[in-house]
Each structure stands twice: as structure tokens, then as C-alpha cells.
Amino acid sequence: MGTVVAFESQDGVVIAGDSRVVTEETVTSKRIERVFDFDGIGAGAVGNTGDIQEFSRQLENELRRLRIEQGEDVEIDKLARIAARCAKSANVAAVVATHDSDGSARLRQVGADGEVLDTTPIAIGTGAEIAFGRLETVSSDVKLDEAKSIASDTLETVGERDGDGGGEIVVWSLQNSAGDENESV
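Residue 34 is where the sequence shown starts when you use the working numbering, and the numbers rise one by one after that.
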């Protein structure tokens, strides 16, 4: 299943995910995409490989439709409702991020049952328990660059302790008020 972590920092938000897929104790892929960038909107998902891909396709299509047909920027609460429908349909747990109405970068956790939670930090997947141990000690006063390092370090630790995690770590971030960055660490 792998792991995705997310949390808010002083000047933005971070979503990070690992890339290894393990099926019946055998590594079947080292390159699953769990973290997505939809032109300034971020998402991360855990679940079966095909379900994650289906969630990504559905969310991307919904966002494209809103942007093209209605010319709308999607703020965090609307994004969460859209992501909840997509996550429930695809049977994945997810996290999404975008700006709220005042330009602050925000996160929402979305369950496979469609439930939306406004909480931070967020850790979903097989390594969530391990990740929470690290993330709950992180202050929201950290800068975005430090937050990206913490997310990456957290997933490296998870990969060492969780047989279903590991591989390349992808870190996506969104600054408050404008701009986003997407990088692999």
C-alpha cells in the first residue's frame, strides 16, 4: 500500500509519498506515482495501484472540467468535496492541498469512505503509525524547505521499518499566497 504524509508549515504545505509497491511480500514495482500535481493543486493517495491511478484520473478530469467550463479556481473545501467523491469511487485514502480563500495553503484528508477531515499532520497507508511518531513532534513554525526535508526523512524512516514502503520519495509543496514546487528527493 505504501505511505503518504502531509502537513502544514509556517509558509505552506507539503505532501510526500513513497513509490514502492509490495504484493504478497514481493516488490512488484519501484515506481508507483502516489503524489500528483494538478497545476497548483496537490494530491496524494494510497491503495491498490489501479485504484490510485483511477483516483488521479477522476480528480484530474473534475478539475479540468471546472477550470475549462466554469473558469473557476478551486479552493480547499470545494477541492475536498470533489476529492471525497473520487476517493470513494476509487476506494483510496487521500490527501489534497490548495489555497483557501485568503491565499493560505491548506490540506484536507479524505477517507476511502468519502469522509473529509481538516487535520494536520496527515499520514495514510501502511507506514502511517510510524510516520505519526515523527510528524507529531514537528512544529508548524518550520519553513517550507525544512518541511520538505522532514517529510522526506520521515518516509525514509518508514521505508526502513515498513516492508510495504520505500523506494523513491516524491515531495510536492505549495507556498502560501502563490507558487508551488514539485520535486523528487
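Beta carbons: idealized from backbone N, C-alpha and C, even for Gly. Note that this is a predicted model, so its numbers are computed, not measured.
Can you give me the C-alpha to C-alpha distance between residue i and residue j, rounded to a whole angstrom?
| i | j | result |
| --- | --- | --- |
| I115 | E93 | 10 Å |
| D213 | R194 | Bear in mind that the predicted position of D213 carries a pLDDT of just 44, short of 50, making it too unreliable to give a figure here. |
| N209 | I109 | 13 Å |
| I202 | L188 | 7 Å |
| F88 | A78 | 8 Å |
| G50 | G104 | 30 Å |
| L112 | T190 | 30 Å |
| A130 | A138 | 7 Å |
| P154 | G147 | 19 Å |
| N124 | S52 | 19 Å |
| D135 | E66 | 30 Å |
| D186 | R64 | 19 Å |
| G192 | G200 | 7 Å |
| R90 | A180 | 28 Å |
| R167 | V128 | 18 Å |
| I101 | E169 | 39 Å |
| Q86 | A145 | 14 Å |
Once you ignore the five residues that flank residue i on each side, which residues in its own chain have a CB closer than 8 Å to its CB?
| i | result |
| --- | --- |
| F71 | L92, E93 and L96 |
Could you have a look at residue i and say whether DSSP puts it in helix, strand or coil?
| i | result |
| --- | --- |
| S185 | helix |
| Q208 | strand |
| G80 | coil |
| I70 | Looking at the sequence shown, residue 70 is not Ile but Asp. D70: strand per DSSP, three-state reduction. |
| Q86 | helix |
| V191 | helix |
| G147 | coil |
| E41 | strand |
| G166 | helix |
| L114 | Looking at the sequence shown, residue 114 is not Leu but Arg. It is helical. |
| Q142 | strand |
| I101 | helix |
Assuming residue i and residue j are in contact, meaning their beta carbons sit under 8 Å apart, how far apart are those beta carbons, in whole angstroms?
| i | j | result |
| --- | --- | --- |
| G83 | L207 | With 8 Å as the limit, G83 and L207 do not qualify as a contact, their Cβ atoms being about 27 Å apart. |
| A164 | V38 | 5 Å |
| D151 | R141 | 6 Å |
| T159 | G80 | 11 Å between Cβ atoms; not a contact. |
| A120 | I157 | Wrong, their Cβ atoms sit about 10 Å apart, outside the cutoff. |
Going along the chain, which residues of its own chain have a beta-carbon closer than 6 Å to the beta-carbon of residue i, five neighbours each way excluded?
| i | result |
| --- | --- |
| W205 | I48, V68, D70, G75 and N215 |
| I183 | V171 |
| A117 | V143, G147 and V149 |
Beta-carbon within less than 7 Å of residue i's beta-carbon, same chain only, minus the 5 sequence neighbours each way: which residues are those?
| i | result |
| --- | --- |
| L99 | E105 and V107 |
| S122 | Q91 |
| A161 | T36 |
Are the C-beta of residue i and some C-beta of chain B separated by less than 7 Å?
| i | result |
| --- | --- |
| V128 | The chain inventory of the structure shown lacks chain B, comprising one protein chain alone. |
Closer than 8 Å is the cut-off here; do at least three beta carbon pairs connect the stretch 173-187 with the stretch 41-52? Touching, yes, given that three or more Cβ pairs across the two stretches are closer than 8 Å.
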